[in-house]
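Numbering-wise (the numbering used here), the sequence shown opens with residue 1 and increments by one. Glycine residues also receive a C-beta, built at the ideal position from the N, C-alpha and C atoms. Written out below as structure tokens is the structure these notes cover.
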Amino acid sequence: MALAQLPSTSNRLSFFKSTLFWLICSSVAISHGVEKPAKPHYHTVNVSSLLPKPYCTGHTKGSSVGSRKMVVTSKRGPCSQIPRTKEISAYEESLLEDENRVRSLNKRASNVHSKAADSGSRTQTSDSIPFSGEYITTIGLGTPKVDYQVIIDTGSDPTWVRCKPCSKGCKSENSLFDPSKSSTYLNGSCKPNSVNGAFGMNYLDKTYSRGYWGCDKLSLEPSDVFERFQFGCGLITEGGSGNFANGDGLLGLGRGDLSIVSQTASKFAKTFSYCLPKTSSSKGHIDFGDRARSATSSSGLKFTNLIEPPQNIPRSYNRSSLYFLELLGISVAGSRLDVPPTIFTSVGTVIDSGTVITYLPPSAYTALSKNFKQSMAAYPPAPSQEKLDTCYNVKGYGSIQLPEITLHFGGATDVSLNPSGIVWIAKKNRYIWCLGFAANKKSEDLTIIGNNQQRELDILYDIDAGKIGFGTKPCGD
């Protein structure tokens with residue numbers, strides 16, 4: 001058999017040069033964003049995949065696709081059914097809204113701003129966290145059913161909507177509940193030992209809602225209808241920051257007796273789940289009861305226990321609406337921060353759908369920021385955006401290597417955040433990406449896990465079982 005002829009020396013040299021040229025070109029291409037395999041404990045993120053689109057994209061994922069009615073969207077994005085007005089604040093302003101909410105959560109923890117009205121009066125007026133929140137869904141009230149766009153809030157109990165005859169704070173684009181048009185409406189309380197008479201919610205940012213209590217049919221899905229649901233009817237709403245222009249009302253998902261979770265417990269057994277969308281131009285969903293369990297069944301849930309607040313928080317606060325978890329540590333790119341668990345456990349950690357970013361004890365945030373900067377050293381830094389001081393300019397990169405961030409909870413539950421939950425993207429310059437965490441002003445302030453970090457996570461709240469589950473697979477569209 002004849003041997004194959006070997007390439008000449010000149011041909012071998014030419015092959016070597018062409019191969020070297022290809023490798024150099026490939027390296028240059030990769031540096032400008034062509035995807036390459038992720039390093040261990042890093043995400044390879046296509047930059048365009050996290051940028052909001054000017055149109056609504058995708059669909060909700062789960063067993064009820066096509067029939068699911070309880071879609072969750074950002075109030076600021078093109079998927080929102082809220083009429084677009086200049087009063088809906090920009091993303092940068094959402095960080096300013098956060099300040100009031102965080103301050104209020106901490107004041108409630110110190111039992112300063114959590115006061116109920118005198119039990120002898122017929123008025124339920126309470127100081128609450130500021131009316132904010134990023135995400136909305138649709139509920140139906142009355143007979144015939146009328147739909148309302150309400151902000152979902154795990155930090156509040158009562159559900160309320162604006163009602164006719166609204167005398168202050170109502171815009172032409174708001175849907176107003178009209179008791180006279182519903183054949184099933186009852187004025188006042190329809191629950192034993194429940195509140196009656198006037199309704200009022202005071203918010204720390206000096207916004208408020210005033211009106212009265214009422215009861216009517218609540219419709220979530222065609223098969224999920226509740227005949228005697230108690231809610232607040234707001235006749236006067238005042239919000240200097242424009243927050244009340246962001247929806248028709250609020251859906252209270254807290255742990256108290258007046259929350260939708262408690263009022264639907266006979267059917268849903270105090271269980272609900274949600275998936276917050278990847279960007280403001282995509283959709284998520286919220287589910288209750290068996291549908292919540294079904295929607296999260298393929299997510300590989302990891303559970304951690306709901307816990308009581310730390311001992312330094314007054315016992316009266318143990319009956320709070322808030323959901324406390326045991327956060328023990330944080331890892332960046334596979335390396336655990338050198339922060340003792342007591343830094344988190346001594347102050348308490350809550351998960352909150354209304355707070356935007358995650359707030360950490362100052363020492364924990366310093367360690368997180370330092371490690372994140374080391375992991376992002378290949379990218380040019382960018383100016384701070386409001387309270388976010390760890391920012392980068394990703395313009396010109398097709399993809400970037402983003403370090404994994406993992407939250408370590410009690411019960412050996414490790415939750416790796418999705419890339420959309422690691423960074424906060426500036427609205428004015430969408431190529432400015434910041435670490436979506438901030439330091440608390442005081443070391444004794446609560447740790448708050450905000451909605452930015454919850455994006456694309458299936459999160460199941462099983463209140464009677466005393467636990468919360470986190471999905472390990474993205475639940476977005």
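With respect to the 7 angstroms criterion, Val71 and His285 are classified as neighbours on the basis of their beta carbons. The beta carbon of Pro403 is closer than 6 angstroms to those of Tyr42, Val332, Ala333, Ser375 in its chain, skipping five residues each way along the sequence.
In this structure Tyr55 is exposed. Its beta-carbon is surrounded by fewer than 16 other beta-carbon atoms within 10 angstroms. For the 7 angstroms CB-CB criterion, Tyr431 and Lys395 form a contact. Ranked by Cα distance from Pro78, the options Ile357, Pro277, Ser156 are led by Pro277.
The C-alpha of Thr138 is placed about 31 angstroms away from the C-alpha of Cys434. Looking at the backbone, the Cα of Val423 and that of Val146 are separated by about 37 angstroms. The Cβ atoms of Gly234 and Asp157 do not sit closer than 7 angstroms to each other. Residue pairing by DSSP leaves Lys370 without any beta bridge partner. Note on geometry: alpha-carbon atoms of Leu417 and Val225 lie some 35 angstroms from one another. The secondary-structure analysis by DSSP pairs Ser331 across a beta bridge with Arg336, Thr406.
In the DSSP secondary-structure assignment, Asp157 is not bridged to any residue. Considering only Thr159, Asp445, Val47, the residue with the shortest C-alpha distance to Gly398 is Val47. According to the DSSP assignment, Ile343 belongs to the alpha helix (DSSP H) that extends over 342-345.
Residue pairing of Asn440 in beta bridges, as defined by DSSP: absent, with no partner found.
Under the rule that a run must span 4 or more residues, the alpha helix (DSSP H) segments found entirely inside the segment 260-289 read 260-263, 265-268. Judged by DSSP secondary structure, Thr358 falls within the beta strand (DSSP E) whose first and last residues are 358-360. Under the three-state reduction of DSSP, Leu220 is assigned to strand. Asn106 and Ser183 have their C-alpha atoms roughly 42 angstroms apart. Around the beta carbon of Gly155, a 10 Å sphere encloses 16 or more other beta carbons of the protein chains shown; the residue is thus reported as buried.
For Thr57, DSSP records no beta bridge to any residue. Counting C-beta atoms within 10 angstroms of its own C-beta, Glu456 has 16 or more neighbours from the protein chains shown and is therefore classed as buried. DSSP, reduced to helix, strand and coil, places Arg255 outside both helices and strands of the structure shown, so it counts as coil.
Annotated three-state conformation of Asn106 is helix, per DSSP. Counting every other CB atom within 10 Å of its CB across the protein chains shown gives Pro419 a total of 16 or more, marking it as buried. Put simply, the backbone Cα of Phe437 is about 13 angstroms away from that of Ser363.
Annotation for Cys190: Cys215, Arg228, Gln230 place their beta carbon closer than 7 angstroms to its own, counting only its chain and skipping 5 residues before and after.
Collapsing the DSSP output to three states places Ser416 in a strand. The beta carbons of Thr472 and Ser281 sit about 25 angstroms from each other, so the pair does not count as a contact at 8 angstroms. Secondary structure of Val423 (DSSP, three-state): strand.
Pro380 sits close to Asn393, with the two beta carbons spaced by under 7 angstroms. Beta-bridge partners of Ser298 (DSSP): none assigned. Assignment of Leu460 by DSSP, reduced to helix, strand and coil, places it in the strand class. For Leu435, the uninterrupted beta strand (DSSP E) segment begins and ends at 432-435. Within the model, the alpha-carbon separation for Thr355 versus Arg101 is close to 7 angstroms. Rounded to the nearest whole angstrom, the C-alpha separation of Gln385 and Val261 is 36 angstroms.
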